[in-house]
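Residue numbers (this note's numbering): 1 to 221.
Note that beta-carbon positions come from the ideal geometry of N, C-alpha and C, so glycine has one too.
For clarity, every value in this text was computed on a predicted model and none was experimentally measured.
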C-alpha cells in the first residue's frame with residue numbers, strides 16, 4: 001500500500017493523530033479532512049490545522065454546520081451537560097449521523113483527489129457506546145459507499161480493537177507518543193494536551209496512558 005494515497009478523517013485528537021502517523025507509515029501520500037460542524041470547541045479545528053501544518057500534509061476543512069442544526073447535543077450546545085449515558089441511553093456527547101456523514105464526505109473528497117484509502121480512528125473496544133464507532137457499521141458503510149459511487153474505497157480502522165493503553169502503545173511504536181500527548185485535543189472542555197482531567201474524554205485518555213506506562217514499568221522490572 002506504500003504506493004497508494006489515503007485520506008485521514010482528522011479531528012486533531014489523540015486517536016485521529018495516531019491514525020495520521022499510522023497512515024504516513026503505511027501510504028505513499030496522505031491528506032487530512034476536518035469537519036466544521038459548529039462544534040462546541042472550535043479549538044479542535046485550530047489544533048488540527050496546527051498539527052497538519054507541522055507534519056506537512058495537505059489539510060481540507062469542510063463545512064458541515066447543518067449537522068449542528070439537526071443534531072443538538074453536548075458537543076454542539078453549551079447549555080447541554082456533558083454526561084455519560086444512563087440506563088442504556090447514549091452519552092449526551094453522541095452526535096447522531098456524524099460518522100455516517102463524515103465518512104461519506106471523506107469518500108467524496110477521496111474520489112476527487114484520487115485516493116482509494118480512508119482512515120478513521122473509531123474504536124469499539126474502548127468507547128462510549130456510540131453505534132457509529134462499531135466495526136459492523138464501518139464495514140456496512142464501506143460497502144454502501146462503494147456501491148453508491150461505483151468505486152473500491154477501503155475504510156481502515158487501525159484502532160478498532162485497541163483499548164486506550166494499546167493506542168498509546170501504537171503511538172509509542174510510531175515514535176510519536178510525546179507529540180500525541182502534548183499537541184492533541186481530546187478534552188471536551190477544549191484543553192490541549194492532558195486536558196481538564198475530569199471530563200469523560202480526559203479520564204479515558206489519561207487512564208489509558210497510565211495503564212500503558214505501568215505496563216512499561218513492569219516489563220522493565
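Contact check for residue 34 against residue 53 fails: the beta carbons are separated by 9 Å or more.
Runs of the beta strand (DSSP E) lying entirely within the region 25-61 and spanning at least 3 residues, in chain order: 29-36.
Taking residue 187 as the centre and dropping the five residues before and after it, the same chain places the C-beta of 195, 196, 199, 201 and 202 closer than 7 Å to its C-beta, in chain order. Between the alpha carbons of residue 117 and residue 142 lies a distance of about 11 Å.
Along the region 147-177, the beta strand (DSSP E) occurs as fully enclosed runs of 3 or more residues at 154-156, listed in sequence order. For residue 115, there is no enclosing alpha helix (DSSP H), since its DSSP letter is neither H nor E. Judged by their CB atoms, residue 36 and residue 45 are nearer to each other than the 9 Å cut-off. The C-beta distance from residue 167 to residue 120 rounds to 13 Å, too long to meet the 8 Å contact threshold. At a Cβ-Cβ threshold of 9 Å, residue 103 and residue 145 count as neighbours. Within the same chain, Cβ atoms closer than 7 Å to the Cβ of residue 23 are found at 6, 8, 30 and 119, the five residues on either side in sequence being excluded. The residue among 137, 191, 134 and 213 with its C-alpha nearest the C-alpha of residue 13 is 191.
Contact annotation: residue 164 and residue 205 have beta-carbon atoms nearer than 9 Å. For residue 5, the uninterrupted beta strand (DSSP E) run begins and ends at 5-9, by DSSP. Note that the C-beta distance between residue 160 and residue 124 is below 9 Å. Inter-residue distance for residue 96 and residue 105 is about 16 Å (C-alpha atoms, whole angstroms).
Residue 64 places its beta carbon 9 Å or farther from that of residue 109. Spanning the alpha carbons of residue 19 and residue 151 requires a straight line of approximately 23 Å. About 6 Å separates the Cβ atoms of residue 25 and residue 174, confirming a contact at the 8 Å cut-off. Our two residues, residue 2 and residue 28, have alpha carbons roughly 5 Å apart in a direct line.
Distances from the alpha-carbon of residue 153 to those of 132, 55 and 107 put 107 closest.
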